[in-house]
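Participant: What the sequence shown shows, in the working numbering, is residues 102 to 282, in sequence order. Cβ coordinates follow ideal geometry from the N, Cα and C atoms, glycine included. Computed from a predicted model, the values in this text were never measured in an experiment. Sharing a structure, written as C-alpha cells. Questions coming.
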Amino acid sequence: MITRQEVNAARQKAANILAQTGVVINQAEIDRMEVVDFGLSELEISGAQILTLVDTDQIAAKLLVMLPYQTEPEHRHPRLGDYPGKEETIRCEWGELYLYGPGEPARSPKGRPPDHRRETYTVWHEYVLRPGDQVTFQPDTPHWFQGGPEGAVIWSFSTKVIDVQDIFTDPAIQRETVIVD
102 MITRQEVNAA
112 RQKAANILAQ
122 TGVVINQAEI
132 DRMEVVDFGL
142 SELEISGAQI
152 LTLVDTDQIA
162 AKLLVMLPYQ
172 TEPEHRHPRL
182 GDYPGKEETI
192 RCEWGELYLY
202 GPGEPARSPK
212 GRPPDHRRET
222 YTVWHEYVLR
232 PGDQVTFQPD
242 TPHWFQGGPE
252 GAVIWSFSTK
262 VIDVQDIFTD
272 PAIQRETVIV
282 D
C-alpha cells in the first residue's frame, strides 16, 4: 500500500530521470504512469514506474523507470491456457541495469536485493545492461532487475501482457498496487 503523495513523488522522480535521457513523454503520459510497489509498501526499495505505450493482443511496449537501486522482484510470465506466456525483451535506454536470470551465478553480483527478502531471489546469472544492451527472456523464465547508482530507463518489448497473472517468487507480493489518500 502506498499513498497518493508517494505515487506523485515517484512520478516526478521518474519524469526528472526521463528529462535527462532525451526520451520524450508528455504530461498526460506522466500522469498515467503506473507506480508499482508490489504490495510491499517499500517503493524506493522494491518497485517500478511503468508507462505502457502499446498493449494489444499481439504486442506490448513499455517504458520503465527504475530509481537508483530500486528492484523489480523476481517473477516469471507463466502459460495461461492456450497462451504460452509472455516473451520479453528488456533493453536499456539510459543508466545501468542489473538484470538476473537462469544460468551460471555471478560471483560478485552488482545487484543487491533487499536483505529482508534475499531468500526469494533464486536466479543470479548477471547481465549488466547499459544503453543499447538488451536481453530476451522466453515465457515462464524467472528474472529480476535493479536500477544502478543513477537509476535506469529501460524498454520492455513483449508479446501480450497479463501482468496481474505474473508469478513472483516472494509470496508476499501483490501485483496490483493499492493507493490510499
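(1) If you draw a straight line from the C-alpha of Gly202 to the C-alpha of Ala111, how long is it?
(2) Count the CB pairs spanning the region 224 to 237 and the region 124 to 139 that are closer than 8 Å, and state whether there are at least three.
(3) Where do the N-terminal and C-terminal ends of the alpha helix (DSSP H) with Val108 fall, by residue?
(4) At the level of alpha carbons, what is the spacing between Gln275 and Met102?
(5) State the DSSP-derived secondary structure class of Thr157, mapped to helix, strand or coil.
(6) In the region 171 to 213, which residue ranges form an unbroken beta strand (DSSP E) of at least 3 residues, counting only runs that do not cross its ends?
(7) Is it a yes or a no for the region 146 to 157 touching the region 182 to 197, going by three-plus beta-carbon pairs under 8 Å?
(8) Between Arg177 and Ile255, what straight-line distance do the alpha-carbon atoms span, to the nearest angstrom?
Facilitator: With the structure as the only source:
(1) On the sequence shown, position 101 is the one that residue 202 refers to. On the sequence shown, position 10 is the one that residue 111 refers to. Answer to the nearest angstrom: the Cα atoms are 27 Å apart.
(2) no
(3) For the purposes of this step, residue 108 is taken as residue 7 along the sequence shown, with counting starting at 1. Residues Arg105 to Thr122.
(4) Translated into the one-based positions of the sequence shown, residue 275 becomes position 174. Translated into the one-based positions of the sequence shown, residue 102 becomes position 1. Whole-angstrom Cα-Cα distance: 10 Å.
(5) In the sequence shown, residue 157 corresponds to position 56, counting from 1. Reduced to three states, the DSSP call for Thr157 is coil.
(6) Entirely contained in the region 171 to 213, the beta strand (DSSP E) runs reaching 3 residues are, in chain order, 172 to 177 and 189 to 202.
(7) The region 146 to 157, when compared against the region 182 to 197, does not touch it at the 8 Å Cβ threshold.
(8) In the sequence shown, counting from the first residue as 1, residue 177 sits at position 76. In the sequence shown, counting from the first residue as 1, residue 255 sits at position 154. Using only the alpha carbons, I get a separation of about 18 Å.
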